[in-house]
Amino acid sequence: MPITNNDDEVIITSPSNGKTQLKVLKYGATVYSWTVNGKEQLWLSDAAKLDGSKPVRGGIPLVFPVFGKSTDASVSKMPQHGFARRSTWEFLGQTTENPPAVQFGLGPELADQEVYSKWDNGDNDFTLVLTLTLENDSIRTRIDISNPDKKPWKFNWLFHSYLKVDDIEDVLVNNLPGEICYDQVIEESYEEREPAVNFAGELDRIYQNVSTKKLLQVIEMGKVVHNVRRKNLPDVVIWNPWTDKSKGMADFEPKNGYLKMICVEPGYVHDFVTLKPGEKWSGEQIIYKGDAVKMQSV
Ligand SMILES: O=P(O)(O)OC[C@H]1O[C@H](O)[C@H](O)[C@@H](O)[C@@H]1O
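As structure tokens, this is what we get:
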């Protein structure tokens, strides 16, 4: 069976390889496992809550309608990262057989009411449709957002992808030199001057308006372990909490798990997207295997 629809989760299995699978919690429509021929690609905390009691620490949480905390009046009362990752989405079914794709939907009635009520006046009408496609050595995560309301509203979107690595100290992320970033650790903006991003402490940067022609590669000991492509998602957050921040997160286990993960998060977060009544917007992330290093200057 390529699609298994359980009470709390949906499992998608590749028709050509039973060990290539995607596991998705209905809570947050959170992908919490992706295996390629039996090998896990995403990092998931041993203490992650998968029971809907809090957003999942690991996998691919969905960030909407605000990234982080914002002083913008429309979202300033909301907790970090909004309500999409804390709402139970509706499973809409399978849309294609090979490669298998499934869809999940979220609207005002299913949204976590406590957080949703803090978005503007708590009455924004919206539709989110998430399409997940499992290919032999890639996943596609696509979001379609539409505004059926009589008034405009605005949002951030971000795929908060936790990618698995063997040892963060051996990891580089390429193709970001020359890009402007806001460094959330030192609270300063600057132009990236390093030939590749490397990790030796807490790192939390929002790279702004990075051409979507640029491929982002996670390179470990000279070998590409993950490739991330983006459509209509100009910003890229790179995050590793390192020792102290991991200690402060109750759902982050083991405490040295930061060595095994890197978040590469494609999104639209530097500015808000404004959708007028009847308008639609979409963005897509493609994570794939493939070991050719591609260095790009533009
Ligand atoms: O702890 P969470 O709310 O899941 O946020 C986890 C992280 O998300 C993003 O990567 C932000 O850039 C970080 O500043 C934040 O710490």
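The sequence shown begins at 1228 in this note's numbering and counts up one residue at a time. The beta carbon of each residue, even a glycine, is placed where N, CA and C say it ideally should be.
Using three-state DSSP, classify residue i as helix, strand or coil.
{"i": "N1425", "result": "strand"}
{"i": "Q1444", "result": "strand"}
{"i": "N1232", "result": "strand"}
{"i": "L1486", "result": "helix"}
{"i": "E1406", "result": "coil"}
{"i": "T1439", "result": "coil"}
{"i": "D1431", "result": "strand"}
{"i": "Q1248", "result": "strand"}
{"i": "W1346", "result": "coil"}
{"i": "W1508", "result": "strand"}
{"i": "A1300", "result": "coil"}
{"i": "S1314", "result": "coil"}
{"i": "S1524", "result": "coil"}
{"i": "E1267", "result": "strand"}
{"i": "Q1340", "result": "helix"}
{"i": "E1418", "result": "strand"}
{"i": "S1372", "result": "Going by the sequence as given, residue 1372 is Ile instead of Ser. Correct three-state label for I1372: strand."}
{"i": "I1413", "result": "coil"}
Since I believe residue j is in contact with residue i (beta carbons under 8 Å), could you give me their beta-carbon distance rounded to a whole number of angstroms?
{"i": "I1526", "j": "W1380", "result": "Because the chain here runs from 1228 to 1525, residue 1526 falls outside it and cannot be looked at."}
{"i": "Y1495", "j": "D1462", "result": "6 Å"}
{"i": "F1382", "j": "L1357", "result": "Not really, about 14 Å apart at Cβ, beyond 8 Å."}
{"i": "L1271", "j": "Y1259", "result": "6 Å"}
{"i": "V1392", "j": "I1489", "result": "6 Å"}
{"i": "D1410", "j": "K1516", "result": "Actually they do not touch by this definition, with Cβ atoms about 30 Å apart."}
{"i": "Q1268", "j": "L1442", "result": "No, Q1268 and L1442 are not in contact; Cβ-Cβ is about 17 Å, not under 8 Å."}
{"i": "K1507", "j": "I1372", "result": "7 Å"}
{"i": "D1273", "j": "E1406", "result": "D1273 to E1406, Cβ: 34 Å. No contact."}
{"i": "V1400", "j": "V1445", "result": "6 Å"}
{"i": "K1503", "j": "N1374", "result": "7 Å"}
I'd like to confirm something about residue i: is its beta-carbon nearer than 8 Å to some heavy atom of ligand 3, or not?
{"i": "E1492", "result": "Annotation note on ligand 3: not contained in the displayed structure, which lists ligand 1 as its ligands."}
Can you check which of these residues, the options, is closest to residue i by C-alpha distance?
{"i": "S1388", "options": "E1419, S1303, V1491", "result": "V1491"}
{"i": "D1471", "options": "V1463, K1482, L1361, F1331", "result": "K1482"}
{"i": "E1511", "options": "G1332, L1359, F1331, S1438", "result": "L1359"}
{"i": "W1466", "options": "A1427, V1452, P1504", "result": "A1427"}
{"i": "D1234", "options": "K1246, G1245, K1250", "result": "K1250"}
{"i": "R1456", "options": "D1273, F1499, R1367", "result": "R1367"}
{"i": "G1194", "options": "S1280, N1425, A1275", "result": "One cannot answer for residue 1194 here, as it falls past the ends of the chain, which runs 1228 to 1525."}
{"i": "K1378", "options": "G1505, N1232, S1524, Q1523", "result": "G1505"}
{"i": "V1263", "options": "E1362, L1486, D1376, R1432", "result": "E1362"}
{"i": "F1291", "options": "W1261, T1323, A1256, E1324", "result": "A1256"}
{"i": "H1497", "options": "N1454, S1297, N1232", "result": "S1297"}
{"i": "K1266", "options": "N1244, Q1523, G1279", "result": "N1244"}
{"i": "E1429", "options": "Y1485, F1318, E1447, K1458", "result": "Y1485"}
{"i": "E1324", "options": "L1355, A1477, V1398, P1242", "result": "P1242"}
{"i": "T1315", "options": "A1328, G1309, D1339, P1326", "result": "D1339"}
Going by the DSSP bridge assignment, what does residue i pair with across the sheet?
{"i": "G1494", "result": "L1385, D1462"}
{"i": "E1362", "result": "S1365"}
{"i": "R1284", "result": "Partner(s): none; R1284 has no beta bridge."}
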